[in-house]
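J.:
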Amino acid sequence: MNDLYFTQEQIVWQEVPNEVSLAFLISGCPLRCAGCHSADSWKANRGEILSVDYLRTRLQMYRNLLTCVLFLGGEWQPETLLALLNVARDEFGLKTCLYTGLERDELPPMLLPKLTFLKTGRWVAVLGGLDNPNTNQRFIDLRTDEDWTHLFWK
Ligand code: SF4
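Residues are numbered in the numbering used here as their position in the sequence shown, beginning at 1, plus a constant of 989.
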């Protein structure tokens, strides 16, 4: 199982509607979208290792403050991401979210049952992000298959 690395960790309120999420920006996205806002994290081993022990420590520290853990990438190491999702869901009872540039049917299927929310779609500058009604990206509540993308529109 290969390690995943992260370059940013922060508590966020807007990326997952109605949730307080601990978000990790994972290094190594292979998609290379033109105009990517996180191009400095394309190298796979930038930052710190996101181990299950590290995640446990952080979730213990924030116990009762968080409702969700958000992974900004990481699907390119599905076994490693799965182990992290299991900690968040099964050990701490938290919701989980993945922001991926892939489409849903391109994702390793093993990940879907472990995710509460999923944001899909590559970055296409002319279409914009989730806050643009023309976007190609989608934010899905996987519990109901409901498309929540409109919640991001201003
Ligand atoms: S999917 Fe996201 S992180 Fe990956 S290259 Fe595209 S914009 Fe950057």
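All C-beta atoms, glycine included, are put in the ideal place defined by N, C-alpha and C. Model, not experiment: these values are computed from the prediction.
Following a CB-centred definition, is G1082 positioned closer than 7 angstroms to any heavy atom of the ligand SF4?
T.: G1082 Cβ: outside cutoff for every heavy atom of the ligand SF4.
J.: Could you check if E971 is buried or exposed, using at least 16 other CB atoms within 10 Å of its CB as the buried criterion?
T.: Shown here, the chain extends from 990 to 1143; a query on residue 971 therefore has no answer.
J.: Let me check understanding here. Comparing Cα to Cα, which of E1064, L1073 and E1008 lies closest to L1054?
T.: Closest by alpha carbon: E1008.
J.: So, for L999: in the same chain, excluding its five sequence neighbours on each side, which residues have a beta-carbon less than 6 angstroms away from its beta-carbon?
T.: Reading the sequence as shown, one finds Gln at residue 999 and not Leu. Result list for Q999: A1012, in chain order.
J.: Does the distance from the C-beta atom of F1141 to that of L1107 stay below 8 angstroms?
T.: No; because the gap between Cβ atoms is not below 8 angstroms, this pair is not in contact.
J.: Check whether the segment 1029–1038 and the segment 1094–1105 are in contact - that is, three or more C-beta pairs closer than 8 angstroms.
T.: Taking 8 angstroms as the limit for Cβ pairs, the verdict is that the segment 1094–1105 does not touch the segment 1029–1038.
J.: Would you call E1092 buried or exposed, if buried means 16 or more other Cβ atoms sit within 10 Å of its Cβ?
T.: Exposed: under 16 other Cβ atoms inside 10 Å.
J.: Which residue comes first and which comes last in the beta strand (DSSP E) that contains Q1049?
T.: Q1049 -> not in any beta strand (DSSP E); alpha helix (DSSP H) instead, spanning V1041 to M1050.
J.: Taking the alpha-carbon positions, what's the L1096 to T1089 distance?
T.: Looking at the two C-alpha atoms, the distance is approximately 9 angstroms.
J.: Among the residues of its own chain, which have a CB less than 6 angstroms from the CB of A1072, if the five just before and after it don't count?
T.: Within the same chain, A1072 has close Cβ partners V1041.
J.: Specify the secondary structure class of S1030 as computed by DSSP and reduced to three states.
T.: Here S1030 sits in helix by DSSP.
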